[in-house]
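Number of protein chains: 4
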Amino acid sequence: MSVRVTVWSENHHERHEPAIAAIYPDGIHGTIAAALAGEPTFAVRTATQDQPEQGLGGDLLDETDVLLWWGHKVQGEVDDRHVETVRRRVSEGMGFVALHSALNAKPFRAVVGTTGRSFGFRHGGRELVWTATAGHPIAHGIPNPVIVPDSEMYCEPFDVGQVDETVFISGFDGGEVFRSGLTFRRGRGKVFYFGPGHEEYPIYHDPTIQQILRNVVHWVTPEAPPTLVIPSAPQDRDKPVGWFGGSSR
Amino acid sequence: MSVRVTVWSENHHERHEPAIAAIYPDGIHGTIAAALAGEPTFAVRTATQDQPEQGLGGDLLDETDVLLWWGHKVQGEVDDRHVETVRRRVSEGMGFVALHSALNAKPFRAVVGTTGRSFGFRHGGRELVWTATAGHPIAHGIPNPVIVPDSEMYCEPFDVGQVDETVFISGFDGGEVFRSGLTFRRGRGKVFYFGPGHEEYPIYHDPTIQQILRNVVHWVTPEAPPTLVIPSAPQDRDKPVGWFGGSSR
Amino acid sequence: MSVRVTVWSENHHERHEPAIAAIYPDGIHGTIAAALAGEPTFAVRTATQDQPEQGLGGDLLDETDVLLWWGHKVQGEVDDRHVETVRRRVSEGMGFVALHSALNAKPFRAVVGTTGRSFGFRHGGRELVWTATAGHPIAHGIPNPVIVPDSEMYCEPFDVGQVDETVFISGFDGGEVFRSGLTFRRGRGKVFYFGPGHEEYPIYHDPTIQQILRNVVHWVTPEAPPTLVIPSAPQDRDKPVGWFGGSSR
Amino acid sequence: MSVRVTVWSENHHERHEPAIAAIYPDGIHGTIAAALAGEPTFAVRTATQDQPEQGLGGDLLDETDVLLWWGHKVQGEVDDRHVETVRRRVSEGMGFVALHSALNAKPFRAVVGTTGRSFGFRHGGRELVWTATAGHPIAHGIPNPVIVPDSEMYCEPFDVGQVDETVFISGFDGGEVFRSGLTFRRGRGKVFYFGPGHEEYPIYHDPTIQQILRNVVHWVTPEAPPTLVIPSAPQDRDKPVGWFGGSSR
Numbered sequence: 206m207s208v209r210v211t212v213w214s215e216n217h218h219e220r221h222e223p224a225i226a227a228i229y230p231d232g233i234h235g236t237i238a239a240a241l242a243g244e245p246t247f248a249v250r251t252a253t254q255d256q257p258e259q260g261l262g263g264d265l266l267d268e269t270d271v272l273l274w275w276g277h278k279v280q281g282e283v284d285d286r287h288v289e290t291v292r293r294r295v296s297e298g299m300g301f302v303a304l305h306s307a308l309n310a311k312p313f314r315a316v317v318g319t320t321g322r323s324f325g326f327r328h329g330g331r332e333l334v335w336t337a338t339a340g341h342p343i344a345h346g347i348p349n350p351v352i353v354p355d356s357e358m359y360c361e362p363f364d365v366g367q368v369d370e371t372v373f374i375s376g377f378d379g380g381e382v383f384r385s386g387l388t389f390r391r392g393r394g395k396v397f398y399f400g401p402g403h404e405e406y407p408i409y410h411d412p413t414i415q416q417i418l419r420n421v422v423h424w425v426t427p428e429a430p431p432t433l434v435i436p437s438a439p440q441d442r443d444k445p446v447g448w449f450g451g452s453s454r
Numbered sequence: 206m207s208v209r210v211t212v213w214s215e216n217h218h219e220r221h222e223p224a225i226a227a228i229y230p231d232g233i234h235g236t237i238a239a240a241l242a243g244e245p246t247f248a249v250r251t252a253t254q255d256q257p258e259q260g261l262g263g264d265l266l267d268e269t270d271v272l273l274w275w276g277h278k279v280q281g282e283v284d285d286r287h288v289e290t291v292r293r294r295v296s297e298g299m300g301f302v303a304l305h306s307a308l309n310a311k312p313f314r315a316v317v318g319t320t321g322r323s324f325g326f327r328h329g330g331r332e333l334v335w336t337a338t339a340g341h342p343i344a345h346g347i348p349n350p351v352i353v354p355d356s357e358m359y360c361e362p363f364d365v366g367q368v369d370e371t372v373f374i375s376g377f378d379g380g381e382v383f384r385s386g387l388t389f390r391r392g393r394g395k396v397f398y399f400g401p402g403h404e405e406y407p408i409y410h411d412p413t414i415q416q417i418l419r420n421v422v423h424w425v426t427p428e429a430p431p432t433l434v435i436p437s438a439p440q441d442r443d444k445p446v447g448w449f450g451g452s453s454r
Numbered sequence: 206m207s208v209r210v211t212v213w214s215e216n217h218h219e220r221h222e223p224a225i226a227a228i229y230p231d232g233i234h235g236t237i238a239a240a241l242a243g244e245p246t247f248a249v250r251t252a253t254q255d256q257p258e259q260g261l262g263g264d265l266l267d268e269t270d271v272l273l274w275w276g277h278k279v280q281g282e283v284d285d286r287h288v289e290t291v292r293r294r295v296s297e298g299m300g301f302v303a304l305h306s307a308l309n310a311k312p313f314r315a316v317v318g319t320t321g322r323s324f325g326f327r328h329g330g331r332e333l334v335w336t337a338t339a340g341h342p343i344a345h346g347i348p349n350p351v352i353v354p355d356s357e358m359y360c361e362p363f364d365v366g367q368v369d370e371t372v373f374i375s376g377f378d379g380g381e382v383f384r385s386g387l388t389f390r391r392g393r394g395k396v397f398y399f400g401p402g403h404e405e406y407p408i409y410h411d412p413t414i415q416q417i418l419r420n421v422v423h424w425v426t427p428e429a430p431p432t433l434v435i436p437s438a439p440q441d442r443d444k445p446v447g448w449f450g451g452s453s454r
Numbered sequence: 206m207s208v209r210v211t212v213w214s215e216n217h218h219e220r221h222e223p224a225i226a227a228i229y230p231d232g233i234h235g236t237i238a239a240a241l242a243g244e245p246t247f248a249v250r251t252a253t254q255d256q257p258e259q260g261l262g263g264d265l266l267d268e269t270d271v272l273l274w275w276g277h278k279v280q281g282e283v284d285d286r287h288v289e290t291v292r293r294r295v296s297e298g299m300g301f302v303a304l305h306s307a308l309n310a311k312p313f314r315a316v317v318g319t320t321g322r323s324f325g326f327r328h329g330g331r332e333l334v335w336t337a338t339a340g341h342p343i344a345h346g347i348p349n350p351v352i353v354p355d356s357e358m359y360c361e362p363f364d365v366g367q368v369d370e371t372v373f374i375s376g377f378d379g380g381e382v383f384r385s386g387l388t389f390r391r392g393r394g395k396v397f398y399f400g401p402g403h404e405e406y407p408i409y410h411d412p413t414i415q416q417i418l419r420n421v422v423h424w425v426t427p428e429a430p431p432t433l434v435i436p437s438a439p440q441d442r443d444k445p446v447g448w449f450g451g452s453s454r
């Protein structure tokens, strides 16, 4: 069965800044979607903030197994209803991947529970992406380190609170460090934050970065279709609670 | 310096149901506040949902070091602005304690990132509260188990996702189990969920439960006044990032 | 490629106590191995403490992807060399499953880093095994709760320190509770502790328990053959550290 | 009541290499002990591997609340009995701090459960120690970053498996990164790994590094004297398990 992947992006820089449109003529979402489409088990769609209902109308999120999210300039304008839907879907099992400046995106903050603020930032300069958790599926086949010739730096302290696994840590020219690959579990859903991917540089065209994104989508894919939810109907006090002979899913 | 503690409750059952008003004539918030006031370093206030601005007007949350939260019947009506403020304050360091049915409270869900749903519930019957993490400060001086003669059961699976420490686990008459004392870290703030405390039973009058609540407030109290935040001003690209000679707080 | 599974057991009760031999005529290891052999991708072997070199001679552990371990009466006599090998293999990626009274087994203690002591125990009585983490692959297709008619109780506090995921929690007739399904990560290896499985009762003959064990073996199976290790050769100080173009595995 | 602190070191480089003796004339242990002795609540002792019974005879560890451990050249010769005692004491509540090259020390490996291997190393060059968890008590009053002008680099992947909190991450001249301040919980004990501290450089003479070490000792200090252990006596099957009215400590 296919994994239903939705790549969401604000699609703002690409439409308003020619220099960035030149790097991502198909949009950041289009470049990422093309990279993922190489995987035959992924059924990839895109959605953007400039579309009606910010691209999230109808049952799109309910029909999404893995959601990738890129936002930056206008992410404060994302509708709170969508934020709440993302959080509900993650709890039900949807995988969620926040990309680069989406550390400040409302749904990432809603799912992680913190501000997502980085201590600072700087445009330009080399980023080395080191694997901190050797053998993690997301790092499978990935060189150590990955060299990103030009990147936007974010740095520690990164306000994400309690993390599950630290898969990647980046080092920058100024000696700064940043946890650039982090896993979180929320309800039945797996969450990943991935640092590299600034709009001014062709980072999402890099084959190694694309391989990481494919690994990430595999990793956050729910084990089973995330459609069943925990019942919360009142219980009869004369009967034991539980689905005897039933399933916990 | 005093720890500024705010006990917030919806104050709904107590005002509308005589049987419950008989158990908690001062309100659930009043009973809890009195229990905490025994600790000389705590400066305790109460606030309730039936007050103007749901009790959270002015700078109350910005002047709170530890917030205890009890909600049930009308917690769907809590204003989203308050929810966002609680989340911001926790990130800055405010301790947050969700009590009993507040597993479904908006701010608990916002901070933890999941639905907080319990698999089921049942009114009445004994609850045994076992210490799972011996030696944890919250369990200091607490018998193992604590016996709650009559309680409302919640049970597993409890949709809280990734937890930090499992301090208490309760066992119920029907053989059900529930993680009834859980810690979470979010940003600089410590978060605790505590299960026992249903409005139909005088649980918050129990001296052992009161001792646990005092231990909890001590434990979630921020190490330093949670007033400073991480800077996020743009950085000069010619200067190294960081507060050389400064402080990380 | 097959998953190379080794079921190790002390094989002591079965050889010395007729009542137990009647329940497990093929040994506990034999019953578990037969349950796992139903999975076509598992290549299952057994090894026992009463064999030469305690069953762990030659390259057995180096050729094992998943090790299940049952010990009780004579587990204090397990050779420390074997313990060290288990710990090394887990760090390299071998899955390790400690069963029931193996909470006190030397290799479990070595891998987890604590005493593994339970607060108490009792023979007989019903155990209800509740799924705490709904949607976890180990709980896939498992009723909630699983009913074990007769079991040996262990109870909280369970000295395992910091755990990763709490998959199962059991409730017992006396109201006691016990975290009976726990995951840990150590280096590249996944570790699982599973509570049910006392020698006096036919628990390992139960089809649901057998399904859990198969789920567990799938879950702890390393993502890739756990044969490569992290290099630790001295680095040339004039060259950057890292496998540029190489792999982190 | 005083915190009984023991600073253990192998005391090998200092006795055999004049250049290192010139940096640490009182031994690495002596320099650290002097730095800690400034704190009036600490009662500080030292012990070294070149002493009888490797400095760990008698009841020293049973009378230690916090153990700091520095080892490198001869740490493979540490007696396994001592290793086992350290692990037991940590489970009972003793704080344990592994320093620099003690990532390969037997007791650190025993407590953490992994190999502790770093991906590589390099002598010399600047280390910037960044606070990753702002507001953590160990980072209290510490500049971000701390600048260590000359250090020995260790780098990721660091084989420590599952960590609790990532307090510090270091960046090095070659762009490498290393989680240089990590917390672990094992049983009742708190464990900290701290990276900076190579014998060739006067790092332990640095006032900021000394302040971090004092913060660390405060943080790993057990909440109560770690003398009581969990009972494991057989339970009477006709009586409920537990210390009704007793204490979980």
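Residue numbers (our numbering), protein chains in the order written: chain A, 206 to 454; chain B, 206 to 454; chain C, 206 to 454; chain D, 206 to 454. From the three backbone atoms N, C-alpha and C, an ideal C-beta is built for every residue, glycine too.
Within the region 375–433 of chain A, the complete alpha helix (DSSP H) segments at least 4 residues long are 412–425, listed from N- to C-terminus. Around the beta carbon of C:M206, fewer than 16 other beta carbons sit within 10 angstroms, so the residue counts as exposed. For D:R384, the C-beta contacts it makes with chain A under 8 Å involve A337, T371, I374, in order along the chain. By DSSP's assignment, D:F326 forms a beta bridge with D:Y359. Residue contact check for D:L333 against chain A: a CB pair falls below 7 Å. Chain D has no Cβ within less than 7 Å of the Cβ of C:V353.
Within the same chain, and ignoring the five residues on either side of D:G260 in sequence, the residues whose Cβ sits closer than 7 Å to its Cβ are W213, A252, T253, Q254. In terms of Cα proximity to D:T319, the closest of C:I237, C:F363, C:E297, C:A242 is C:E297. In this chain, B:G235 is not harboured by any beta strand (DSSP E); it is covered by the alpha helix (DSSP H) spanning 232–242. Setting aside the 5 residues that flank it on each side, D:R384 is surrounded in the same chain by F363, T371, I374, each with a C-beta closer than 6 Å to its C-beta; the list follows chain order.
By the Cβ test, the region 329–345 of chain A is not in contact with the region 286–296 of chain A, since fewer than three Cβ pairs between them sit closer than 8 Å. Taking C-beta atoms as the reference points, B:S306 and B:H277 count as a pair closer than 7 Å. At a cut-off of 7 Å between beta-carbon atoms, C:G380 makes contact with chain B.
Cβ contact annotation for B:T413 (same chain, cutoff 6 Å, sequence separation greater than five): V351, in chain order. Taking C-beta separations shorter than 6 Å and ignoring five residues to either side along the sequence, the partners of B:R327 in its chain run M358, following chain order.
Think of a sphere of 7 Å around the beta carbon of A:E361: the chain D residues whose beta carbon falls inside it are W335, T336, A337, I374, in chain order.
When Cβ-Cβ separations below 7 Å define contact, A:P342 makes contact with chain C. Secondary structure of C:G346 (DSSP, three-state): coil.
Rounded to the nearest angstrom, the gap between the Cα atoms of A:F389 and D:D378 is 30 Å. Proximity to C:E219 across C:D369, C:T236, C:Q367, C:T211 peaks at C:T236, based on C-alpha coordinates. Closer than 7 Å to the CB of A:E428 there is at least one CB belonging to chain C.
For C:Q280, the nearest beta carbon of chain D is not closer than 7 Å to its own beta carbon. What B:G298 touches in chain D, judged by beta-carbon distance under 7 Å, is G340, going in chain order. Of the candidates B:A240, B:D285, B:A239, B:A242, the residue whose Cα lies closest to the Cα of B:E258 is B:D285.
Think of a sphere of 7 Å around the beta carbon of A:T319: the chain B residues whose beta carbon falls inside it are S296, R391, G392, in chain order. According to the DSSP assignment, C:V291 belongs to the alpha helix (DSSP H) that extends over 285–297.
Sequence-distant partners of B:Q415 (beyond 5 residues in either direction) whose C-beta falls short of 6 Å from its own C-beta, in its chain, are A240.
Annotation: B:R419 to C:H345 spans about 40 Å, alpha carbon to alpha carbon. About 5 Å separates the beta carbons of A:I343 and A:W424, which is inside the 8 Å limit, making them a contact pair. Shown here, D:S207 sits in coil according to DSSP, grouped into three states, outside any helix or strand. Annotation for B:E428: no residue places its beta carbon closer than 6 Å to its own, counting only its chain and skipping 5 residues before and after. Taking every protein chain shown into account, the CB of A:H410 has fewer than 16 other CB atoms within 10 angstroms, so this residue is exposed. Ranked by Cα distance from C:V422, the options C:P223, C:A242, C:G281 are led by C:A242. Flagged as an interface residue toward chain A: B:G366, by a C-beta distance shorter than 7 Å.
Interface with chain C (7 Å Cβ-Cβ cutoff): D:V288 is excluded.
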